[in-house]
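Structure record follows, encoded as structure tokens.
Protein chains: 4
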Amino acid sequence: MVGGGRGAFIGGVHRMAAALDQQIELVCGAFSSDAVRSRQSGEDLYLDPSRVYGDYEEMIRTEAALPEDVRMDFVTIVTPNHMHYAPANMALEHGFHVVCDKPLCFDLQEARDLVETVYRTGLLFALTHNYTGYPMVKQAREMIADGVLGEIRKVVVEYPQGWLSTRVEATEQKQAAWRTDPKRSGIAGAMGDIGTHAENLAEYITGLKIDAICADISAIVEGRRLDDDGNVLLRFDNGARGILHASQIAAGEENDLNIRVYGEKAGLEWHQMEPNTLEVKYQEAPRKIYRTGVGDLYPSTVAATRVPAGHPEGYLEAFANIYKNFAKCLQARIDGTDVDPLYEDFPSVEDGLRGMEFIYKVIESGQSDQKWIKM
Amino acid sequence: MVGGGRGAFIGGVHRMAAALDQQIELVCGAFSSDAVRSRQSGEDLYLDPSRVYGDYEEMIRTEAALPEDVRMDFVTIVTPNHMHYAPANMALEHGFHVVCDKPLCFDLQEARDLVETVYRTGLLFALTHNYTGYPMVKQAREMIADGVLGEIRKVVVEYPQGWLSTRVEATEQKQAAWRTDPKRSGIAGAMGDIGTHAENLAEYITGLKIDAICADISAIVEGRRLDDDGNVLLRFDNGARGILHASQIAAGEENDLNIRVYGEKAGLEWHQMEPNTLEVKYQEAPRKIYRTGVGDLYPSTVAATRVPAGHPEGYLEAFANIYKNFAKCLQARIDGTDVDPLYEDFPSVEDGLRGMEFIYKVIESGQSDQKWIKM
Amino acid sequence: MVGGGRGAFIGGVHRMAAALDQQIELVCGAFSSDAVRSRQSGEDLYLDPSRVYGDYEEMIRTEAALPEDVRMDFVTIVTPNHMHYAPANMALEHGFHVVCDKPLCFDLQEARDLVETVYRTGLLFALTHNYTGYPMVKQAREMIADGVLGEIRKVVVEYPQGWLSTRVEATEQKQAAWRTDPKRSGIAGAMGDIGTHAENLAEYITGLKIDAICADISAIVEGRRLDDDGNVLLRFDNGARGILHASQIAAGEENDLNIRVYGEKAGLEWHQMEPNTLEVKYQEAPRKIYRTGVGDLYPSTVAATRVPAGHPEGYLEAFANIYKNFAKCLQARIDGTDVDPLYEDFPSVEDGLRGMEFIYKVIESGQSDQKWIKM
Amino acid sequence: MVGGGRGAFIGGVHRMAAALDQQIELVCGAFSSDAVRSRQSGEDLYLDPSRVYGDYEEMIRTEAALPEDVRMDFVTIVTPNHMHYAPANMALEHGFHVVCDKPLCFDLQEARDLVETVYRTGLLFALTHNYTGYPMVKQAREMIADGVLGEIRKVVVEYPQGWLSTRVEATEQKQAAWRTDPKRSGIAGAMGDIGTHAENLAEYITGLKIDAICADISAIVEGRRLDDDGNVLLRFDNGARGILHASQIAAGEENDLNIRVYGEKAGLEWHQMEPNTLEVKYQEAPRKIYRTGVGDLYPSTVAATRVPAGHPEGYLEAFANIYKNFAKCLQARIDGTDVDPLYEDFPSVEDGLRGMEFIYKVIESGQSDQKWIKM
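Chains as they are written, first to last, in my numbering: chain A, 1 to 375; chain B, 376 to 750; chain C, 751 to 1125; chain D, 1126 to 1500.
Listed below in structure tokens is the structure:
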């Protein structure tokens, strides 16, 4: 693991998600750019001190030199955006598979380079767009692919949060500080942090691609250096219309990623905060409430489910589904066997590049007087 | 009453809304352009046959000639859009107050003329933007005016319906037929029929004015002549951002007008389909659920409530609140007394003009390559 | 109308419910045992002063002497429980049909007498167990009768309110005062006021009869003279098990009458506070959400619906459905025609007797050490 | 671990719950009474084959003989009810701490013996009444203890499931088979399996003790040998009234454990299927929605939370909270340090005995003609 030392947030999430299914063991880490903090974090995690490193370069070099059955199998990168590319690239170049937090990198050039490196090395790469790991997201995707909704006409995807309603980055809040800092976050704030999740979810569920956008992007809180609110009109490659909005100043909202998709025949709705429910809406018949674990669901839905119906599966379980699928593919690589395509379902480096392109276009549109910008 | 004969929808709604509080009695009508149908409708309503007229001109002329204590006090107009202006104007010119269904008229010129006539005659005019009649809409408006949310930053107002998901206007469906016909509906379909409700609700609740819009307006169903879907970016006069979307092809949606408003200090959310609940959201404290009839609410909320908490008040009650307030003002006019300002709270002819301007701007924006159009 | 003068609650509800569909006109009343108050109430209601009476006896006698086409068609009784029997009986004996608020009367003997009088006179009698007037209650009843749930196994019916959580009867609260006074309410408080609604709803929806009960009945608030909370085990005549609980000290609850019914094949759930939704639950398939106005519903559901889907119909509309059906039957009587059996669907004097028996048995059980009491 | 081999359900849940926080490592197991199946299960879990045992006796004896820093620290027992006592008792007698699935054992005598053994050995014992592990359950408990609701007057606790609506035990369904078998489950079916969870939740949240019960207990499905439905009137030691019902034949219900508590001043409501929400209801003020991670919550709530607000925490996280607290106490034992009382919050062997007493009393009451049975 690179990053995720004491005081970090997402590093702990990755560790819980990876541990849940007992297929992955944390064996080493460079948890902080501060060597003392890295060492302390290693102790917290009961790691062998000899495998707690002062920086990612030391970690990758040293681990690469260990015997194959001892050294780490893959690297997880949980640092801020500006620190994704270098360790990811170096890990790949040394033959390690990679799991990387989103967005893929700091800028578009890094993203393109990384795609090239992944292609060239042929190694596994997973991007943790974790929200697509929920069982009911997979159910929605499969139902749409199966034509239950008919041709898609309209998509509304929202991601409201309120935690940046005040200038928390001016306090000690570490999570706010880097996310609002152009040097660490990149050209976008909210649109990079959560807008990309919304974009990824919409394209994952519908199977469509956003073709053109028209964005109103704002930094609402006085003194903030990156956007904290974005409202975007969408046109999809099949002609469907859409809306994407993401905000971190929607006071009182927690983390309400949600999506509605309307087709010729029916609509559907899913909310991350009640993730085990998928509502399918018909014009002239009762709505149907699909629930995790109830009735005849698609194999990919079932594969993403751990406990019986009515035992709520949450954020960590969805996150763990990415690790589980990645681990299955990795195990197959190690064993030299084929893997069930069910398990190849995790966000890829191409999804990461797509997200970076979305970030660039949405910021460009926000600054433009031109109505529509092509993706 | 003008319009609302057999087979009509909104006429019956107006009659139930007007009857509920027993302050208004239907005394005459020109229910249809077909004199036979008008007469039959009058019979259905137990009216004196001598006061069931073949057309609105006959009605207004004849009633105006009746003794003051016999003739109608006001005219309600419930015809399709292209038939609002003429009877409204004639009624005003003959000294009758008017209640008119929305949108105000067929085109912008008619709207401006009507405002002028109302001003000149000094008569009462109510436009039935009925959704602002709900108690919790009034509560929301008062809370925002009181500063509970702080300065408003973002508004999301939605009005999804699905009933025009197929080309029902090609069937016998009378409601669909005129609403999708440019000759009867005007330049807009969904944006006139329901988009204006959303616009009116957003401005009513926030007390802000929409200052600029950027719209993507579509006729999604093949062969449809007017828009059935619209997605609009908004900027308000205080700098707040917003989104308005309205659709009649959101398959499986019933009539889900709803609004979320976010300020510096808190957010709020209201849904027409669960109208007795108003959710107020705080960033660092439990949400509060305001409910019709519970606790210490504003006088305008209380005035709009008929039964105790937990006895759901619905669409007809909200509609009736417009009639109730109109009747209170009318009674005061007749009695020559002052009226409690509480009762002056119903949509006006200016709100109607505002709605017509919105329709024109949103259709213009939909056809334009220019990003922002000023209201 | 008998009762319902200034300061009363349910009288105004009856008047709004009766007015909504414009089939019923209020022509006379004895609104209060205080003749001055009665007269003032009559003025509020724009009644002819000569038909505002000082007491019900005067009203019935005088109206009976009026010409047939002038005199009232039926009497509505909206007084406290101890004042139901006498005016109802006298009205029937003078040939007037009756609508009466629930519970039927003050005691069981009165109830039996009234049933006898109704049978003997052959007149129409409606009891306003208004909650069965909701469209989705009718849908539930029809689905169960149709076997959608299979044989019924379990019923849970609840009626929690919180308004008597403190000793409000010690204040000026008129509604609380008579409801907690054995001289006016009868032997039961909450169980008579709302427990009977729950009993009526359960038997109406399921088509079953409660066969035996085991009750824990309490007066929780210090100094209260009648029960304010009751929890009852039920056995139905087909062997189904059940629970009924009703409370007026469930602090924070508004008026949450609700029911769940489980059969061999499926379950269903309905809540009065969200009355337009009926949830049908399957063990191995998605739940279905039936909604007022959506899709293919039973004729009795459709007949109880006034506006399109998504336009919420509430308490007054459900109440008005009882008046509407009663008026249809009354009109047929007057016209000497047959009435569509759809409209014969309103609570009867027998339902009222059933409710009185329930009150007596549940109070008896509450005082008994015997586990099961037969109905 | 004892039990939890291939085909088992709850064993896997325990392993995920124990793994999540990375404080507990599975080192050995006797996963099945079938030695081959036990060995295979050990392989699935990447265990050292020398520590996969053919039965629990071999495991406990062998592990006890290993050096202190190698041998297991505690035993988790995840077998059917009739196989709890023997391994738990033997583990304790050999000096191992114990985590045991609920209910505590097969019969009341075993339960009493086990309490005695735990007292005598002074070892740690946790019973996995996992539903009390949810953050909002802890919040509810603390609010009630703090007097937010005032004196408690009424408790309604429900646990409806539908999965035994048909005679699934007659199929190959392993979970149904042992739960409906008196030889493996004990004297109770649903009341032991889920009724005890409801009893435990009610007493945990309110801090009250059930004092007397009156139960209607049924085996509804033809041919079933143990109860599948139970409805119980409750009286608590402070005089509060209550209802507990649990069912496994509530067709269409998933796993809807829920509770409502009403006090003099307010009420509260919590549902396991939406576990991150706690609703607090006031009679004359807006309801408050407490949410995991939002605002100023009690330390025990915060300690039971892993991710920020709006990232749903589910069943496995709540289950893991029992393991986390147990591990903290165990670590303190090992280290010889004091433990923060926050972490002593997990169900104990006394809670297990209480649950067994409840099972016995509720079955006794179900068979009795006596109305109230004292606990």
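We put the beta carbon where it would ideally sit given N, CA and C, even for glycine.
Residue i to residue j span [Cα, whole Å]
i, j, result
"Asn1255/D", "Glu116/A", "48 Å"
"Gly1060/C", "Gly1043/C", "8 Å"
"Arg559/B", "Ala1077/C", "38 Å"
"Tyr869/C", "Tyr806/C", "22 Å"
"Val427/B", "Gly387/B", "16 Å"
"Arg1037/C", "Gly1377/D", "8 Å"
"Pro87/A", "Gly3/A", "10 Å"
"Ile77/A", "Gly642/B", "35 Å"
"Phe824/C", "Glu818/C", "12 Å"
"Ile588/B", "Ile748/B", "5 Å"
"Pro674/B", "Asn633/B", "23 Å"
"Asp602/B", "Ile144/A", "25 Å"
"Pro932/C", "Ala940/C", "12 Å"
"His764/C", "Ile709/B", "28 Å"
"Asp1494/D", "Ala1340/D", "10 Å"
"Glu274/A", "Ala303/A", "19 Å"
"Val1474/D", "Asn321/A", "35 Å"
"Val27/A", "Tyr1485/D", "50 Å"
"Asp713/B", "Glu719/B", "11 Å"
"Arg225/A", "Lys102/A", "20 Å"
Identity of the residues DSSP links to residue i by a beta bridge
i, result
"Trp645/B", "Ile634/B, Leu653/B"
"Thr76/A", "Val99/A"
"Leu1151/D", "Paired residues: none, contrary to the question."
"Ala996/C", "Tyr909/C, Gly980/C"
"Gln1120/C", "Gln1495/D"
"Arg1416/D", "Thr1402/D"
"Leu1252/D", "Cys1225/D"
"Lys154/A", "Arg241/A, Tyr262/A"
"Val868/C", "Paired residues: none, contrary to the question."
"Val898/C", "Val898/C pairs with nothing; no bridge assigned."
"Val802/C", "Gly779/C"
"Val1127/D", "Ala1155/D, Ile1202/D"
The ligand GDP heavy atom lying under 8 Å from the CB of residue i
i, result
"Ile60/A", "With respect to small molecules bound, the structure shown includes none, and the ligand GDP cannot be examined in it."
Burial state of residue i, where buried means 16 or more other Cβ atoms lie within 10 Å
i, result
"Tyr1387/D", "buried"
"Phe125/A", "buried"
"Ser1343/D", "buried"
"Asp376/A", "Chain A is shown from 1 up to 375; residue 376/A falls before or after that span and cannot be answered."
- Any 3 or more C-beta pairs closer than 8 Å across the segment 198–208 of chain A and the segment 229–240 of chain A: yes
- Message: For the structure I just gave you, are there three or more beta carbon pairs, one from the segment 1143–1156 of chain D and one from the segment 1450–1469 of chain D, closer than 8 Å?
- Response: yes
- Query: Are the segment 293–304 of chain A and the segment 184–198 of chain A touching, with three or more C-beta to C-beta distances below 8 Å?
  - Reply: no
- Message: Using 8 Å as the cut-off, can you tell me whether the segment 830–838 of chain C makes contact with the segment 911–923 of chain C, which would need three or more C-beta pairs spanning the two stretches below that distance?
- Response: no
- Query: Which ranges does the beta strand (DSSP E) cover as unbroken runs of at least 3 residues, wholly within the segment 1310–1367 of chain D, from first to last along the chain?
  - Reply: 1335–1343, 1354–1361
- Query: Quick one: any contact between the segment 1157–1167 of chain D and the segment 35–44 of chain A, if contact means 3 or more CB pairs under 8 Å?
  - Reply: no
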